[in-house]
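Presented below is the structure to which this report refers.
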DNA sequence: CTGAAAGCGCTTACAG
DNA sequence: CTGAAAGCGCTTACAG
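Residue numbers (our numbering), protein chains in the order written: chain U, 1 to 341; chain V, 342 to 682.
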């Protein structure tokens, strides 16, 4: 049966509850906010009226009078790619547990007009705080352009020494370094890198890779620049030198693209070439051969980021940065190189 | 250099603009809303003041006086799984283009208290409309419990004849049917099914699979019930009868889990067993062998859903349902079965 | 074309 | 413990 919208189902407001309970507006408000003493009898009467009418406080009115709201904004270049979606998921879960609503604002490019439009859209809302997912160049530009009248925390991959906002990090510099060291320890002469797009000139992953090669005194091959998607890895594999025996990829999707292209050419993984991904997406363990990768806890990053923002909003004290080091997840796609004939 | 939050950077309000431009509040409001004639000279003066002060309208105040806002809520059981995240992405993109903000509300279970909490959280906000991602049991329960005072459109996988709200469908019944017919046409005796969790007792995918088998007069094997993740497909493969030569999986992640387990046992894909996925996730084309699957345009579904909601909000006329039929994406994981010795 | 005033639904001093 | 009143930042009739 269709039930149409009906203007007569007027949404009840505070005055309706007050009338139904036979008390003043102030009293109803006190019962609902719980911020002032009310007699038990009155409280009960009001609560009954609230339940009977199905009253819900109007968040817009509350935001207007309080000057804040229980909403946080998440600003990101994207919500679909794995790391972004998983971080958003962690933020949402933690925010919900704390009683906050989450608004998402996607900023698609670092074009100044686009950035300004995104910020204006968010900053006209009554937000209590904001989180920027700072995994790429757009995040960095947006972060720099944000007003300072509300707490803002960034969720970021790489450590940024010059950051002027609190950051929660996933230390992918360290991840890149450890992955590279591990591959060298297997006996590879050097490690090649197929890179994702990055915040600045280079991603933390790439810096870590360079550092490990430099520390070991190994040759640093030219970086192969790619996108985020498997097809991009597939194409990037064409640029790989034939001598390559180990490839660190900027994410798992690039890794499977590279792996597929090599396998099509008859290259055996890991016997001929070791492949290491980054992120540990759900499919990585099921790949054939299963993918060694750098495990990144994006959901945990999202939770930590919200927790930092929350403490800031409650205490009015700017939180310190927070870092977590990724963990290598070793599976079948990496091994000691087979001697070449 | 650190710049701390500073109460003296007071956010400018309409009155500040009015004072700066030497006009009344009403005039500034008219310039900004554009809903009434204003002289060119005055308009220019006001716009200059707006730009100089960096004025942004306060959305809470607007929502309060207008009784609505340019915000839509997306209610979903999850924002991380592929179909959900891609649908959300489509909604967000279309909403942004139309000048709307997007709020997300995750309802984790169909427990009545949890559902009510989710709805109260959303319905206390000044939303102009809402979209429910109705891919699972939680979506269905939430949809049924939603108030009728605001337009609500659902994004759904399977056709639901009894739906009392406008739905945008991805006709996965048809997808399941076509996939099964295709596998039969290759010469398989029957097709097995590894199922994802579903809205009701059975998903549209499963109904389509049954229909195709029934229409062809083939045996209907017991369904193997699984979750959403690759590991769950891996485990489900244990329950597959040894005679199975073709398996339709409820999503691509299950498919790669099933495929991996079979490959570990020395089963060749597709020579011994054909595997077909569902969704066409980005990794499907890169799998070895690349995965045949049912292509589902979740991003398009999200866009269509928002477009329906938008037209409803603008015209006040309830939109009709909308359906798109998925397309088979044929790759290497399906083939004519090799005769068994 | 422009301004003064009322009102959207709340919260919170201010009195009692 | 309770109520009347002011005010949050806007929009929009109502007058001019």
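Note that CB positions come from ideal geometry on N, CA and C, so glycine has one too. Here the structure is a predicted model, which means the values were calculated and not measured.
By the C-beta criterion, the region 452 to 470 of chain V is judged not to be in contact with the region 426 to 434 of chain V, since fewer than 3 inter-stretch pairs fall below 8 Å. Counting along the chain, the unbroken beta strand (DSSP E) around residue 192/U starts and ends at 192 to 195. Here residue 291/U really is in contact with residue 255/U; their C-beta atoms are around 6 Å apart, less than 8 Å.
DSSP lists no bridge partner for residue 460/V.
Taking all protein chains in view, the Cβ of residue 165/U is crowded by 16 or more other Cβ atoms within 10 Å, so the residue is classified as buried.
Beyond the five residues adjoining it in sequence on each side, residue 575/V comes within less than 8 Å, by CB distance, of 598, 599, 601, 602 in the same chain, given in chain order.
Chain U has a Cβ within less than 9 Å of the Cβ of residue 437/V. Taking a Cβ-Cβ cut-off of 7 Å, the neighbours of residue 399/V in chain U comprise 124, given in sequence order.
Residue 621/V has a beta carbon lying at 9 Å or more from every beta carbon in chain U.
Taking 7 Å as the cut-off between beta carbons, the residues of the region 252 to 265 of chain U near chain V are 253, 256, 257, 260, 263, in sequence order. Contact between the region 618 to 632 of chain V and the region 666 to 675 of chain V is present: three or more C-beta pairs spanning the two stretches fall below 8 Å.
Proximity of chain U to residue 536/V at the Cβ level (cut-off 8 Å) is not reached, the minimal Cβ distance being about 18 Å.
With a cut-off of 8 Å on Cβ pairs, the region 302 to 314 of chain U is in contact with the region 128 to 148 of chain U, counting three or more such pairs. As computed with DSSP, residue 169/U is found in a beta bridge with 156/U, 323/U.
From the listed residues 284/U, 93/U, 81/U, 224/U, the smallest Cα separation to residue 300/U is found for 93/U. Interface residue (Cβ-Cβ distance to chain U less than 9 Å): residue 662/V is not classified as such. Counting only runs of 4+ residues, the alpha helix (DSSP H) found wholly inside the region 221 to 263 of chain U occupies 230 to 236, in chain order.
The beta carbon of residue 551/V lies closer than 7 Å to those of 561 in the same chain, with the five residues before and after it left out. With respect to the 9 Å criterion, residue 678/V and residue 558/V are not classified as neighbours on the basis of their beta carbons. Looking only at 577/V, 500/V, 637/V, 495/V, the smallest Cα-Cα distance to residue 659/V is reached by 495/V. Think of a sphere of 7 Å around the beta carbon of residue 450/V: no beta carbon from chain U falls inside it, the nearest being about 12 Å out. Taken through DSSP and simplified to helix, strand or coil, residue 91/U comes out as helix. Annotated as distal: residue 516/V and residue 403/V, with beta-carbon spacing of 9 Å or more.
By the rule that beta-carbons nearer than 9 Å mark a contact, residue 286/U touches chain V. Under the DSSP assignment, residue 383/V falls in the alpha helix (DSSP H) whose first and last residues are 381 to 394. Bridge pairing for residue 279/U: 295/U [DSSP]. Distance from the CA of residue 361/V to the CA of residue 104/U, rounded to the nearest whole angstrom, comes to 33 Å. Below the 8 Å Cβ cutoff, chain U contributes 282, 283, 285, 286 as neighbours of residue 571/V, in chain order. DSSP assignment within the region 395 to 424 of chain V yields the following whole beta strand (DSSP E) runs of 3 residues or more, N-terminal first: 412 to 417. Closest by C-alpha distance to residue 13/U, out of 51/U, 34/U, 39/U, is 51/U. By the criterion of at least three beta-carbon pairs nearer than 8 Å, the region 67 to 79 of chain U is in contact with the region 132 to 147 of chain U.
For residue 136/U, the closest Cβ of chain V is not nearer than 9 Å. Listed along the chain, the chain U residues whose CB falls inside 9 Å of the CB of residue 418/V amount to none; the nearest CB is some 12 Å away.
For residue 92/U, the chain V residues whose C-beta falls within less than 8 Å of its own C-beta are 420, 445, 447, listed in chain order. With the criterion set as a beta carbon lying under 7 Å from some beta carbon of chain V, the members of the region 163 to 191 of chain U are 164, in sequence order. Counting only residues of its own chain and dropping the five nearest sequence neighbours on each side, residue 285/U has no CB closer than 6 Å to any other CB.
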